[in-house]
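*Asks:*
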Amino acid sequence: MDTTRQGAAVNARGIGVKGPRGWAFRDVHITAEPGSLIAVEGPSGSGRTCLLLALTGRMKLAEGHATVAGFPLPKRMGTVRSLTAIAHVPGIADLEPALTAGEHLEEQALLGRRMAGSLGARLPWGRRHKEATRARVDAALTAVGLDPATLPKGLRTAVRDMERIEALRLSVALAVMHGPRLLAIDDVDLKLSADERSQVWQMLRDLALNGTTVVASASTAPDDAIVVRTSPAAAQAPGDAAPTTSTTGQSGTTDIHEEEAAHALAEARRA
Numbered sequence: 001m002d003t004t005r006q007g008a009a010v011n012a013r014g015i016g017v018k019g020p021r022g023w024a025f026r027d028v029h030i031t032a033e034p035g036s037l038i039a040v041e042g043p044s045g046s047g048r049t050c051l052l053l054a055l056t057g058r059m060k061l062a063e064g065h066a067t068v069a070g071f072p073l074p075k076r077m078g079t080v081r082s083l084t085a086i087a088h089v090p091g092i093a094d095l096e097p098a099l100t101a102g103e104h105l106e107e108q109a110l111l112g113r114r115m116a117g118s119l120g121a122r123l124p125w126g127r128r129h130k131e132a133t134r135a136r137v138d139a140a141l142t143a144v145g146l147d148p149a150t151l152p153k154g155l156r157t158a159v160r161d162m163e164r165i166e167a168l169r170l171s172v173a174l175a176v177m178h179g180p181r182l183l184a185i186d187d188v189d190l191k192l193s194a195d196e197r198s199q200v201w202q203m204l205r206d207l208a209l210n211g212t213t214v215v216a217s218a219s220t221a222p223d224d225a226i227v228v229r230t231s232p233a234a235a236q237a238p239g240d241a242a243p244t245t246s247t248t249g250q251s252g253t254t255d256i257h258e259e260e261a262a263h264a265l266a267e268a269r270r271a
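Just so we're aligned, residue 1 is where the sequence shown starts under full-length UniProt numbering, counting upward by one.
1) Compare the C-beta of L111 with all C-beta atoms of chain B and state if any pair is closer than 9 Å.
2) So, helix, strand or coil for A242, using DSSP?
3) May I ask you to report which of helix, strand or coil DSSP gives H129?
4) Contact between the segment 208-215 and the segment 92-106 is defined here as three or more beta-carbon pairs at a separation below 8 Å; is this criterion met?
5) Would you mind reading off the limits of the beta strand (DSSP E) that contains E41?
6) If I measure Cβ to Cβ from V40 and keep anything under 6 Å in the same chain, skipping five residues before and after, which residues do I get?
7) Once you ignore the five residues that flank A241 on each side, which residues in its own chain have a CB closer than 6 Å to its CB?
8) For K18, which of A54, R127 and A12 has the nearest alpha-carbon?
9) Under the three-state reduction of DSSP, which class applies to G19: helix, strand or coil?
10) By DSSP's criteria, R229 is part of a beta bridge. Which residues make up the other side?
11) Taking only three categories from DSSP, how would you classify R164?
12) To which residues of the same chain is A109 closer than 8 Å at the C-beta, ignoring the five residues directly before and after it?
13) According to DSSP, simplified to helix, strand and coil, what is H88?
14) Please classify D223 as buried or exposed, where buried requires at least 16 other C-beta atoms within 10 Å of its C-beta.
15) Contact check, R164 vs L192 under 8 Å by CB: the rounded distance?
16) Give me the residue from V188, T31 and G78 with the minimum Cα distance to V89.
17) Leaving out the 5 sequence neighbours to the left and right, which residues in its chain are closer than 7 Å to R81 when beta-carbon positions are compared?
18) Would you kindly report the start and end of the unbroken beta strand (DSSP E) that includes A218?
19) Tell me, please, which residues DSSP counts as bridged to T157.
20) Please check the pair E63 and G22, which I expect to be a contact at CB under 8 Å, by giving their CB distance rounded to whole angstroms.
21) Could you give the residue range of the alpha helix (DSSP H) that holds V80?
22) Where does T100 fall in DSSP's three states?
23) Check for me: the alpha helix (DSSP H) holding L204 runs from which residue to which?
24) Rounded to whole angstroms, what's the CA-CA distance from L183 to A8? Just pull it up for me.
25) How would you call R26, buried or exposed, if buried means at least 16 neighbouring beta carbons within 10 angstroms?
26) For K130 and E106, what's the separation of their Cα atoms in angstroms?
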């Protein structure tokens with residue numbers, strides 16, 4: 001079992017997720033050491049989000065075998081969930097547009113301390129609590145390169161008033177605040193300029209270099225990442241061979257209906 005304090009090794013062989021209407025993805029293989037940068041590359045509707053949720057214990061595998069930090073999936077989904085975090089996943093890890101950056105950060109810091117430390121440390125009005133909260137917030141912002149001074153109203157800036165890359169950094173800051181061993185982040189290059197995409201990938205590289213295993217989905221992966229390619233699953237007649245996705249395989253030739261991924265995604269909300 002992987003005993004590294006930061007970062008989780010990921011090993012998967014032939015894994016797949018199936019919803020009520022069919023496969024979201026299948027036959028995916030991954031081998032990654034702790035602190036790796038893994039890029040899930042593929043078109044929209046090819047099961048990228050479902051793969052992220054499966055690797056973080058939030059969606060049950062229908063086939064294959066996987067371990068995250070040495071814990072088997074799907075048998076130890078609860079343990080894997082406790083060791084991982086997700087960011088920027090629509091419908092599951094959303095930012096509230098009306099809340100400010102500071103409100104999001106303070107809420108996340110409070111959630112992580114409810115069950116830790118002494119009563120005095122947990123009370124929101126205690127000096128120790130305030131100091132610990134400030135330290136966690138500052139560390140998270142530094143880790144993702146989000147300087148409050150660059151926001152229109154500092155930490156009082158509402159999410160709806162942020163640039164897309166700023167909101168993305170905030171979402172990642174919330175996810176890494178309590179030191180997950182694996183971070184999964186969805187659609188890291190969606191609606192970003194080429195320069196912004198470069199900045200985001202550098203942020204994720206830095207997180208990986210500091211020990212956190214990072215799994216990020218994108219339409220195009222950087223050359224230095226471990227690349228996992230997904231492709232839209234084909235509709236199957238009974239007895240047909242299933243289309244596959246893997247780190248080395250070719251993309252499929254037919255598109256999955258968007259509702260296939262949507263149904264599988266709905267299962268994660270019940271996990």
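Using N, Cα and C, we set each Cβ at its ideal position, and we do this for glycine too.
Treat the numbers as computed from the prediction; the structure is a model and nothing was measured.
*Replies:* Reading off the structure:
1) Reference to chain B is not applicable here, since this structure consists of a single protein chain.
2) Model confidence at A242 stands at a pLDDT of 39, short of 50, so the residue's coordinates are unreliable and nothing is read from them.
3) Three-state result, H129: helix.
4) Contact between the segment 208-215 and the segment 92-106 is absent, with fewer than three C-beta pairs closer than 8 Å.
5) Membership of E41 in the beta strand (DSSP E) is indicated by the continuous run L37 to E41.
6) Cβ within range, chain order: R48, L51, S217 and V228.
7) Only weak support exists for where A241 lies, its pLDDT of 39 falling under 50; the value from the coordinates is given anyway. Excluding residues within five positions, none has a Cβ falling inside 6 Å.
8) For the residues A54, R127 and A12, the minimum Cα distance to K18 belongs to A54.
9) Three-state DSSP puts G19 in a strand.
10) According to DSSP, R229 bridges with E41.
11) Looking at R164 - three-state DSSP - the assignment turns out to be helix.
12) The answer, listed in chain order, is A132, T133, R136, V137 and M177.
13) The answer is coil: DSSP assigns H88 none of H, G, I, E or B.
14) Result: exposed.
15) Right, the Cβ-Cβ distance comes to about 6 Å (below 8 Å), so this counts as a contact.
16) Between V89 and the set V188, T31 and G78, the nearest pair of CA atoms involves V188.
17) Excluding residues within five positions, the ones whose Cβ falls inside 7 Å are T56, G57 and R58.
18) Where A218 is concerned, the enclosing beta strand (DSSP E) stretches over T213 to A218.
19) DSSP lists no partner for T157.
20) Going by Cβ atoms, the distance from E63 to G22 rounds to 13 Å, so no, they are not a contact pair.
21) Per DSSP, V80 belongs to the alpha helix (DSSP H) from M77 to L83.
22) Strand at T100.
23) L204 -> alpha helix (DSSP H) spans A194 to L209.
24) Cα to Cα, L183 sits roughly 9 Å from A8.
25) Looking at its Cβ environment, which holds 16 or more other Cβ atoms inside 10 Å, R26 is buried.
26) Here the C-alpha atom of K130 lies approximately 10 Å from the C-alpha atom of E106.
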